[in-house]
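K.L.:
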Amino acid sequence: MSYPQDPGPPPGPGPWQQPPPGPGGPGPQPGFGPPTGGQPAGGYGYPPPGGHPGGGYPGGGHPGGGYPGGRPTGSYPSGKRGGGNVGLVLVIISVCVAVLVVVGGVGLWLLSSSGGSGGTAEESALAPYEGVWDGNLDQLDGSGAPMGVWSATITVSGDTVEGEEYNLVVTEDGRCTWEIHEVQPSETQMTFSYAVSTDPDCVDNGFVTLTPAGEDSLDITVSSVMSDGTTSISEGTLYRE
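Okay, so the sequence shown: first residue is 1 according to full-length UniProt numbering, each after it adds one.
#1: How do the region 200-212 and the region 171-189 stand: do at least 3 beta-carbon pairs fall below 8 Å, yes or no?
#2: Below 8 Å between beta carbons: does that hold for residue 236 and residue 138?
#3: Are residue 136 and residue 124 closer than 8 Å when you measure CB to CB?
#4: Going straight from the alpha carbon of residue 272 to that of residue 222, what length do you get?
#5: How would you label residue 70, buried or exposed, when you count the other beta carbons within 10 angstroms and need 16 or more for buried?
#6: So residue 216 packs on residue 240, CB below 8 Å; how close in whole Å?
#7: With a 10 Å radius around its C-beta and 16 neighbouring C-beta atoms as the bar for buried, classify residue 130 as buried or exposed.
#8: Could you tell me whether the Cβ atoms of residue 196 and residue 182 are closer together than 8 Å?
#9: Can you name, in chain order, every residue of its own chain whose Cβ lies under 8 Å from the Cβ of residue 173, other than the five neighbours on each side?
#10: Return the chain-ordered list of same chain residues with a C-beta closer than 6 Å to the C-beta of residue 132, the five sequence neighbours on each side being excluded.
#11: Can you tell which of 227, 229, 176 and 153 has its C-alpha closest to the C-alpha of residue 219?
#12: Whole angstroms are fine: how far does the CA of residue 88 sit from the CA of residue 201?
#13: How is residue 200 classed by DSSP in three states: helix, strand or coil?
#14: Per DSSP, residue 123 forms a beta bridge with which residues?
#15: Kindly list the residues whose CB is nearer than 7 Å to the CB of residue 226, restricted to its own chain and excluding five residues on each side of it in sequence; keep chain order.
#16: Among 147, 159, 149 and 168, which residue has its Cα nearest to the Cα of residue 128?
#17: So, residue 171 versus residue 198, is the Cβ gap smaller than 8 Å?
#18: What are the boundary residues of the beta strand (DSSP E) that includes residue 239?
#19: Would you call residue 157 buried or exposed, if buried means 16 or more other Cβ atoms sit within 10 Å of its Cβ?
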C-alpha cells in the first residue's frame, strides 16, 4: 500500500504520556507507553517515502510506493527449441518418401501399359485370352465402302500381349508389327492401342477391341486414322490356334 505523501515534513512524534497515578501506583500501565526497550532513536512517525527498506513486496517496492516491479531483469527465454530442427528434418523426409511413392507408381503404370512391341497387363486378367489368335478382317473406309481384306495375329502369353498385321499389299514383306500400349482386359472384352514406327508404309496407329465370341474365338474391331484424316474401321474374327 502506498503511503500518502505530505508536501511538508511529517509532524514529529509527541512525548509519550503516562497515565496519572492511581491505586495501581505510579508505574506505567499495560497498554500505555513505548514498547520494552524504550523509544527508538528519532521517535515514531510516518514511514519514509517509498516504503520501508526491505519490507513489503519483493525488491523493496518501487520508489514512492505502489506494486512491486515487473519481470526480473533479463530477456524472455527464446521460443526456439532444438526440437524445431528435428521437426524440419521429419517434414523433409516425409516429402521425399511421398515423391518416391508417386514416382514408383508412375513407373509401375508405365511398365504395365507398354513394353516395346508387346504390351503388358495383370496375368490373371489376361488368362481368358491366353493363346495365339489369328484371322482375317474386312476393312471399310470412312463412308463404309469396302477397302480390302487383311490378316492379324495377336499373341497373349502370361502378362504380355503382342500383335502384327500381314497380307498387306502396301509393304515389301506384307507385314507391320504393332507396338502395343494401354492393355485393358476384363471378362467381357480386352482393349489396347498400338503404333507402328518401323515401317512408313504401314498405318501408324490403331485402337483394338477384342470380344469373346466363343470358347476359341474372338471378334475383333480395329479403328485407325488414315493419312488423309479419315477413320477406317476393320472387323473380323480371330481363332485360337
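Glycine is no exception: its CB is placed at the ideal position from the N, C-alpha and C atoms.
P.N.:
Inspection of the coordinates gives the following:
#1: yes
#2: Counting from 1 along the sequence shown, the entry for residue 236 is found at position 236. Counting from 1 along the sequence shown, the entry for residue 138 is found at position 138. A contact, by the Cβ cut-off of 8 Å.
#3: Taking the sequence shown and counting its residues from 1, the one referred to as residue 136 is at position 136. Taking the sequence shown and counting its residues from 1, the one referred to as residue 124 is at position 124. For residue 136 and residue 124, no; Cβs fall outside 8 Å.
#4: The chain is shown from 1 up to 241; residue 272 falls before or after that span and cannot be answered.
#5: Taking the first residue of the sequence shown as position 1, residue 70 is located at position 70. With a pLDDT of 44 at residue 70, under the threshold of 50, the modelled position of that residue is not reliable, and no figure is offered here.
#6: Residue numbering aside, residue 216 sits at position 216 when the sequence shown is read from its first letter. Residue numbering aside, residue 240 sits at position 240 when the sequence shown is read from its first letter. About 4 Å separates the two Cβ atoms, so the contact holds.
#7: For the purposes of this step, residue 130 is taken as the residue at position 130 of the sequence shown. Exposed is the call here.
#8: Here residue 196 corresponds to residue number 196 of the sequence shown, with the count starting at 1. Here residue 182 corresponds to residue number 182 of the sequence shown, with the count starting at 1. Their beta carbons are not under 8 Å apart, which means residue 196 does not touch residue 182 by this criterion.
#9: Position 173 of the sequence shown, counting from 1, holds the residue named residue 173. Nothing meets the Cβ criterion.
#10: Against the sequence shown, residue 132 aligns to sequence position 132. Around residue 132: 155 and 241.
#11: The sequence position of residue 219 within the sequence shown is 219, counting from 1. It is 153.
#12: Stepping through the sequence shown from its first residue, residue 201 is reached at position 201. Stepping through the sequence shown from its first residue, residue 88 is reached at position 88. Their backbone Cα atoms lie some 59 Å apart in a straight line.
#13: Indexing the sequence shown from 1 puts residue 200 at position 200. Residue 200: coil per DSSP, three-state reduction.
#14: Taking the first residue of the sequence shown as position 1, residue 123 is located at position 123. None; residue 123 has no bridge partner.
#15: Residue mapping note: residue 226 aligns to position 226 of the sequence shown, counting from 1. Excluding positions up to five away in sequence, the list reads 203 and 232.
#16: One-based indexing of the sequence shown puts residue 128 at position 128. Ranking the options by Cα distance to residue 128, first place goes to 159.
#17: Position 171 of the sequence shown holds residue 171. Position 198 of the sequence shown holds residue 198. No, Cβ-Cβ distance for residue 171 and residue 198 is not below 8 Å.
#18: Against the sequence shown, residue 239 aligns to sequence position 239. Per DSSP, residue 239 belongs to the beta strand (DSSP E) from 231-240.
#19: As a first step, residue 157 is located in the sequence shown; it is residue number 157 there, counting from the start. Per the 10 Å Cβ criterion, exposed.
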